[in-house]
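Colleague:
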Amino acid sequence: MSDFPVSLLKGYEDFMSGRYVEESGRYRSLAEKGQKPHTLMIACCDSRAAPETIFNCGPGELFVVRNVANLVPPYEPDGQFHATSAALEYAVQALKIRDIVVMGHGRCGGIQAALDPMDEPLSPGDFIGKWMGMLRSTADQIPSTEIMTQSERQTALERVSIRNSIANLKTFPCIRILEEKGSMRIHGVWFDISTGELWVMDGKTGDFIRPQA
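Letter 51 of the sequence shown, counting from 1, is numbered 72 in this note's numbering, and no numbers are missing.
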């Protein structure tokens with residue numbers, strides 16, 4: 022135990038003496054009755070964009086799936102390992118969640134990697150490169166830096182990627198059928214880390230707008 026991060030142990034102590042004490046009843050209820058989250062949140066692994074913090078949600082409220090660049094792959098029942106697809110299936114089929122949110126964010130490292138495919142692979146497996154390859158054709162359609170700055174291109178792809186993931190969500194039969202029946206709602210949001218601004222995607226136009234309080 023001596024090499025376990027001290028900061029995590031301190032955080033645990035603070036949690037047990039603070040939030041756990043305040044919400045111990047809720048935790049006991051969740052342990053006994055199981056979870057019934059109201060929303061499935063597909064978010065990025067980025068440590069700066071934690072959905073539970075951004076939306077001020079307590080335990081049991083969100084079912085969160087995090088991966089690099091908050092991507093949803095298309096429906097592919099090919100016998101391979103599909104962590105994100107498995108989580109989607111569990112959330113919709115077992116937990117009966119009927120609201121799905123794809124949350125992107127500014128300054129996403131994964132999106133930056135998709136825009137710079139010539140970068141050296143991080144490992145022989147190049148898992149990041151293959152994963153972000155889902156956006157390669159989309160990234161190629163973002164205008165070059167002669168027209169847009171690099172940061173403008175990145176913001177554009179971060180938002181287009183959200184729409185792309187939503188399109189892929191609808192390739193899953195269990196999701197498509199529920200949405201067609203009006204029993205499933207799919208949303209897109211983009212969070213700006215530097216300003217704290219939240220932009221919500223209009224389901225009809227695909228535009229991102231600031232929600233009115």
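Ideal Cβ placement from N, Cα and C applies to all residues, glycine included. These figures come from a predicted structure and were not determined experimentally.
If you drop the 5 nearest sequence neighbours on each side, which residues of the same chain put their C-beta closer than 7 Å to that of Ile132?
Modeller: Within the sequence shown, residue 132 is the residue found at index 111, counting from 1. Same-chain partners within the cutoff: Ala90, Gln175, Leu178, Glu179 and Ser182.
Colleague: Are the Cβ atoms of Ala134 and Met155 separated by less than 7 Å?
Modeller: By one-based count along the sequence shown, residue 134 stands at place 113. By one-based count along the sequence shown, residue 155 stands at place 134. Their beta carbons are not under 7 Å apart, which means Ala134 does not touch Met155 by this criterion.
Colleague: DSSP three-state call for Ala160: helix, strand or coil?
Modeller: By one-based count along the sequence shown, residue 160 stands at place 139. Three-state result, Ala160: helix.
Colleague: Using DSSP with H/G/I as helix, E/B as strand and the rest coil, what is Arg49?
Modeller: Numbered from its first residue, the sequence shown carries residue 49 at position 28. Reduced to three states, the DSSP call for Arg49 is helix.
Colleague: Grouping DSSP H, G and I as helix and E and B as strand, with all else coil, what is Asp35?
Modeller: Counting from one through the sequence shown, the residue named residue 35 turns up at place 14. Asp35 falls in the helix class under three-state DSSP.
Colleague: Is Phe84 helix, strand or coil by DSSP?
Modeller: On the sequence shown, position 63 is the one that residue 84 refers to. The answer is strand: DSSP assigns Phe84 an E or B state.
Colleague: Please determine, among Asn189, Glu141 and Leu136, the residue with the shortest C-alpha to C-alpha distance to Pro164.
Modeller: As a position in the sequence shown, residue 164 is number 143, starting the count at 1. The option with the nearest alpha carbon to Pro164 is Leu136.
Colleague: What residue does the beta strand (DSSP E) around Met62 start on, and which one ends it?
Modeller: Here the question's residue 62 lines up with position 41 in the sequence shown. Taken as a continuous stretch (DSSP letters only), the beta strand (DSSP E) holding Met62 covers Thr60 to Cys65.
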